[in-house]
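Report on one structure; see the data block that follows.
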Amino acid sequence: MWQAIKKTAKLPKITDTEIRTQVEPVLREIEKNGILIDLSKIELLNKDVGKRIEKLRKEILFDLRVKINLDSPSQLSDVLFNKLKLPTADLKKTQSGFSTAAGELYKIKNSHPAIPKILKYREFSKLKSTYLLPLPKLIAADGRLHTHYTQDARTGRITSRDPNLQNIPIKGSYGEAIRKTFVAPKDKILVAADYSQIELRIIAAVAGDRHMTEAFVNNRDVHTETAALVFHKEVNQVTASERRFAKTINFGVLYGMTPFGLSQALNISQEEANRYIFEYFHAHQGIKEYIEETIFQARKRGFVETLFGFKRVLENITADNRAAREADERMAVNTPIQGTAAEILKLAMINLSKELKNFCESRLILTIHDELVVECKKSDLKEIMELIARIMEEGVNLPIPIKVEVKSGNNLAEAK
DNA sequence: AACTAGGCT
DNA sequence: GTATAAGCCTAGTTG
317 MWQAIKKTAK
327 LPKITDTEIR
337 TQVEPVLREI
347 EKNGILIDLS
357 KIELLNKDVG
367 KRIEKLRKEI
377 LFDLRVKINL
387 DSPSQLSDVL
397 FNKLKLPTAD
407 LKKTQSGFST
417 AAGELYKIKN
427 SHPAIPKILK
437 YREFSKLKST
447 YLLPLPKLIA
457 ADGRLHTHYT
467 QDARTGRITS
477 RDPNLQNIPI
487 KGSYGEAIRK
497 TFVAPKDKIL
507 VAADYSQIEL
517 RIIAAVAGDR
527 HMTEAFVNNR
537 DVHTETAALV
547 FHKEVNQVTA
557 SERRFAKTIN
567 FGVLYGMTPF
577 GLSQALNISQ
587 EEANRYIFEY
597 FHAHQGIKEY
607 IEETIFQARK
617 RGFVETLFGF
627 KRVLENITAD
637 NRAAREADER
647 MAVNTPIQGT
657 AAEILKLAMI
667 NLSKELKNFC
677 ESRLILTIHD
687 ELVVECKKSD
697 LKEIMELIAR
707 IMEEGVNLPI
717 PIKVEVKSGN
727 NLAEAK
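In our numbering, the protein residues as written are 317 to 732.
Structure (structure tokens):
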């Protein structure tokens, strides 16, 4: 699949195995560096969120006229759907009954006054139990959080645990507030640089897709361009909702979406979803052919591979079991893209780690799939921002420009 | 340990 | 007729 790119693109002479080996010491370095947390901010937030959780809990139990454990999905499901008989028309089921997942409850949010409160309750208790309570306990003697990175064996992505610093909240006012507790020390500043739509750029490049390549080469808004093609409109006539649909379809393509999956994600009928997918592949012939060829090759060879040669074996790609086979087909499409994005980021980490040695007190402190965060002296800010962008953008030379967005701030929310 | 849910890219 | 969008990590309940 990568032959054409390997011929035309200027790629560093390095294999995936070498990338994996060379990034390891960088990972140990980032773990050792750690990131500074403002403990007093966390404690304030914890009290605030704790109060809101308690208030919501009392109101919900009063509204439902029951005494149950709200953290028990099975007890909640029983009350909502067996006792109160709330509508279950198109709700997903779990093994034991109707699902109470946020997406399902949202569908029936007007059927009972407790439902919106339950959604708020869930949001706040997640933040409290996963971040506000555990993080302070993990702060080391140097006042910083130190995670542990691993390279995932199936995709090559880097994963983080104890604590996971790759899922720091960002959505909602409390999510953002938590992100604000990740701070730079005095006289220092955080620089966050992330690849703009790297996976779409990779699939456009490897698929040699004409329209998408054009959009990226001309630095256009790729989702709006896709919307124009799918909905047969001029770019300047595309509505916000159409752009949102196109964005969902673009992501869906990377994951091997089906009409059903798209209809669920967009809350539209399967027929409508089917139409959009048809229009999408009609407009993006290159991507359509790439997906078909990738699955064909995977069947023939029993594995797929990334740009730098990392292989993932797909044991069920020719299985009789349809669900298992189709799952492997989705992996066949996604793994080369996700894995290549991981390799590009790891190359940047290797190169950046070397360059940062020229700046005292500047160091990598986070790596989050398509983003790197560096802590540096305020006096070095401008130079560091330019350095990071250059290293990340120029590590691999694809037939499509790779774009990096760099921001800075005194905390992680500001730098995002 | 399995299940359900939900945080992030 | 059946399941249905990739990859991770963490927490609480249940039996």
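No residue lacks a Cβ here, since even glycine has one placed at the ideal position from N, Cα and C.
This structure is a prediction, so every number in the text was calculated from the model and none was measured.
Asked                                                                                                                                                             : Found
What would DSSP say about Lys487, mapped onto helix, strand or coil?                                                                                              : coil
Only counting runs of 4 or more residues, tell me where the alpha helix (DSSP H) segments fall wholly within the segment 616 to 701, in order along the chain.    : 638 to 672
Compare the beta carbon distance of Val551 and Glu541 with 8 Å and say whether it is the shorter of the two.                                                      : yes
Under 7 Å from any heavy atom of the ligand MN, does the C-beta of Lys504 make it?                                                                                : Only the bare structure without any ligand can be found here, which leaves the ligand MN out of the picture.
Less than 8 Å between the beta carbons of Ala325 and Pro715, yes or no?                                                                                           : yes
Quick check: the Cα distance between Ser489 and Phe498, rounded to an integer number of angstroms?                                                                : 15 Å
Counting along the chain, where does the beta strand (DSSP E) carrying Ile505 start and finish?                                                                   : Lys504 to Tyr511
If you draw a straight line from the C-alpha of Lys444 to the C-alpha of Lys367, how long is it?                                                                  : 11 Å
Within a Cβ cutoff of 7 Å, which residues of the same chain sit near Ala599, ignoring the five residues on either side of it in sequence?                         : His527, Leu545 and Val546
If you check the beta carbons only, do Ile519 and Ile660 fall under 8 Å apart?                                                                                    : no
Where does Leu355 land, buried or exposed, given buried means 16+ other C-beta within 10 angstroms?                                                               : exposed
If I measure Cβ to Cβ from Asn349 and keep anything under 6 Å in the same chain, skipping five residues before and after, which residues do I get?                : Arg679 and Ile681
Would you list the one or two residues that DSSP bridges to Glu721?                                                                                               : Asp510
Going by DSSP, name the residue or residues bridged to Val395.                                                                                                    : For Val395, which the question treats as bridged, DSSP gives no partner whatsoever.
Which residue or residues does DSSP assign as beta-bridge partners of Arg426?                                                                                     : Just to set this straight, residue 426 is Asn in the shown sequence, not Arg. Paired residue(s): none; Asn426 is not in a bridge.
Can you tell me which of Arg381, Val522, Asp332 and Gln411 puts its alpha carbon nearest to the alpha carbon of Leu570?                                           : Val522
What does the alpha-carbon distance come out to for the pair Glu631 and Met647?                                                                                   : 11 Å
Quick one: what does DSSP say Val551 is sitting in, helix, strand or coil?                                                                                        : helix
Since Ile505 and Cys676 should fall inside the 8 Å C-beta cutoff, what is the C-beta to C-beta distance between them, to a whole number of angstroms?             : Contact doesn't hold; Cβ gap of about 15 Å is too wide.
When you compare each of Arg344, Tyr606, Trp318 and Lys719 to Ile532 by their alpha carbons, which one comes out closest?                                         : One detail in the question is off: residue 532 reads as Phe in this sequence, not Ile. Answer by Cα proximity: Lys719.
Please state the DSSP three-state secondary structure of His600.                                                                                                  : coil
Let me check one thing: in DSSP terms, what residues is Ile455 bridge-paired to?                                                                                  : Leu461
Are the segment 475 to 489 and the segment 439 to 457 touching by the rule of at least three beta carbon pairs closer than 8 Å?                                   : yes
From the DSSP output, in three-state form, read off Val712 for me.                                                                                                : coil
Across the segment 464 to 476 and the segment 382 to 394, are there enough close Cβ pairs to call them in contact, namely three or more that are closer than 8 Å? : no
Mind checking who Phe440 pairs with in its DSSP beta bridge?                                                                                                      : Note: Phe440 sits in no beta bridge, so no partner.
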